[in-house]
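Asks:
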DNA sequence: CGTGTTCGACTACATCTGTAATCGGAAGCG
DNA sequence: CGCTTCCGATTACAGATGTAGTCGAACACG
């Protein structure tokens with residue numbers, strides 16, 4: 028939403044986008060192989076996300092089930108826009124140019140993007 | 028460099044990338060129409076950037092002249108990569124797809140990117 | 001030479017972030 | 001009905017960040 032999501036919080040969001048609703052314990056479990064956080068840490072992050080309105084919780088007995096408050100698509104689009112605005116004056120082509128120049132897009136990547144553009148143009 | 032640059036610090040970097048070397052006062056002046064920061068704030072940001080190794084200073088009499096320690100190109104490429112990694116599993120095409128879908132690229136934008144890709148492919 | 005000006009350096013302080021421990025109440029076990 | 005356990009809520013605390021004031025030294029002006 029309007030509130031910015033930090034890196035650590037983002038990790039939690041990814042888990043919930045992959046599967047939800049989940050309780051705190053479950054979220055911590057899915058995070059286990061990516062991050063060395065304790066359950067307490069995950070709980071804190073969930074609370075903060077809740078306060079920021081990035082996740083919603085639903086009471087299930089004595090515990091909460093958390094789910095994202097918006098789709099990953101929306102988040103990703105927002106972050107992408109933010110970056111493109113900050114670094115490329117809002118224009119997409121320079122981003123493509125930069126990454127392309129430095130990262131050597133595979134032929135497949137190029138084909139994919141070209142197909143995309145063709146579709147948009149029509 | 029390895030050190031992350033914050034949003035406020037980034038604003039300062041932009042000024043220096045546009046023109047350098049500049050002393051603190053000059054940087055504050057160029058920032059004036061973008062940010063309501065006082066000279067003191069700008070000085071703090073410059074010190075932090077110095078500590079992070081993002082700018083270098085050269086003594087000129089009793090004052091310092093600051094200049095970026097690396098090209099904007101490098102910074103931009105790094106940030107772009109960071110975002111693409113975090114949000115798109117390192118693949119560029121989904122980013123293009125998302126932005127394209129939501130932002131309605133102009134015909135010109137599309138042509139530009141296509142030209143770019145054609146060039147890369149060859 | 002004295003005094004106001006100008007710098008950078010240092011200090012300040014609230015908020016956000018990363019990371020976690022503790023506390024009080026509810027639930028379950030015996 | 002007690003004791004253990006599990007949960008969310010509260011508290012903790014260091015480092016980063018946004019934003020800025022103060023201090024001591026060097027200069028410039030008169």
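Chains as they are written, first to last, in the working numbering: chain A, 28 to 149; chain B, 28 to 149. Every residue, glycine too, gets a C-beta built ideally from N, C-alpha and C. None of the values given here were measured: they were computed from a predicted structure.
With distances taken from CA atoms, which of 125/A, 97/A, 70/A, 65/A is nearest residue 80/A?
Replies: Looking up residue 80/A in the first chain gives position 53. Of 125/A, 97/A, 70/A, 65/A, the residue nearest in Cα terms is 97/A.
Asks: Since residue 104/B and residue 94/B should fall inside the 8 Å C-beta cutoff, what is the C-beta to C-beta distance between them, to a whole number of angstroms?
Replies: Along the second chain, read from residue 1 onward, the residue named residue 104/B stands at position 77. Along the second chain, read from residue 1 onward, the residue named residue 94/B stands at position 67. That pair is no contact at about 20 Å.
Asks: So is residue 118/B in contact with chain A if we call contact Cβ pairs under 8 Å?
Replies: Taking the first residue of the second chain as position 1, residue 118/B is located at position 91. So, interface residue.
Asks: Can you find a C-beta in chain A that's less than 8 Å from the C-beta of residue 106/B?
Replies: The residue labelled residue 106/B in the question sits at position 79 within the second chain. Yes - at least one Cβ of chain A is within 8 Å of the one on residue 106/B.
Asks: Report yes if the CB atom of residue 136/B is closer than 8 Å to the CB atom of residue 119/A, and no otherwise.
Replies: For this step, residue 136/B is matched to residue 109 along the second chain. For this step, residue 119/A is matched to residue 92 along the first chain. The answer is yes: Cβ separation under 8 Å.
Asks: Residue 73/B by DSSP, collapsed to three states: which one?
Replies: Within the second chain, residue 73/B is the residue found at index 46, counting from 1. DSSP places residue 73/B in helix when its eight states are reduced to three.
Asks: Please confirm whether residue 43/A and residue 49/A have their CB atoms less than 8 Å apart.
Replies: Looking up residue 43/A in the first chain gives position 16. Looking up residue 49/A in the first chain gives position 22. Yes, Cβ-Cβ distance for residue 43/A and residue 49/A is below 8 Å.
Asks: Spatial neighbours of residue 70/A within its chain, please: C-beta separation below 6 Å, excluding the five flanking residues on both sides.
Replies: Counting from 1 along the first chain, the entry for residue 70/A is found at position 43. These residues qualify, in order along the chain: 51.
Asks: Starting from the beta carbon of residue 129/A, find every residue of chain B whose beta carbon is closer than 7 Å, and list them in chain order.
Replies: Here residue 129/A refers to the residue found at position 102 of the first chain. What residue 129/A touches in chain B: 104.
Asks: DSSP three-state call for residue 49/B: helix, strand or coil?
Replies: On the second chain, residue 49/B is found 22 positions in, with the first residue counted as 1. DSSP, read as helix, strand or coil, puts residue 49/B in strand.
Asks: List the residues of chain B that residue 148/A touches, going by C-beta distances under 8 Å, in chain order.
Replies: Sequence index remark: in the first chain, residue 148/A carries index 121 (1-based). Going along chain B in sequence order, the residues near residue 148/A (Cβ under 8 Å) are 134, 137.
Asks: Taking just the CA atoms, how far does residue 142/B sit from residue 47/A?
Replies: Within the first chain, residue 47/A is the residue found at index 20, counting from 1. Within the second chain, residue 142/B is the residue found at index 115, counting from 1. Answer to the nearest angstrom: the Cα atoms are 42 Å apart.
Asks: Counting only the same chain and skipping the five closest in sequence on each side, list residues whose C-beta sits under 8 Å from that of residue 61/A.
Replies: Numbered from 1 along the first chain, position 34 holds the residue referred to as residue 61/A. Excluding sequence neighbours, residue 61/A sits near 38.
Asks: Evaluate residue 36/A with the Cβ neighbour count: other Cβ atoms within 10 Å of its Cβ, from every protein chain shown; 16 or more gives buried, anything less gives exposed.
Replies: Here the question's residue 36/A lines up with position 9 in the first chain. Answer is buried; the Cβ neighbour count reaches 16.
Asks: The alpha helix (DSSP H) with residue 134/A in it runs from where to where?
Replies: Locating residue 134/A in the first chain gives position 107, counting from the first residue. Where residue 134/A is concerned, the enclosing alpha helix (DSSP H) stretches over 134-148.
Asks: Going by Cα to Cα distance, which pick from 40/B, 32/B, 30/B is closest to residue 99/B?
Replies: In the second chain, the residue the question calls residue 99/B occupies position 72. When only C-alpha atoms are compared, the closest one is 40/B.
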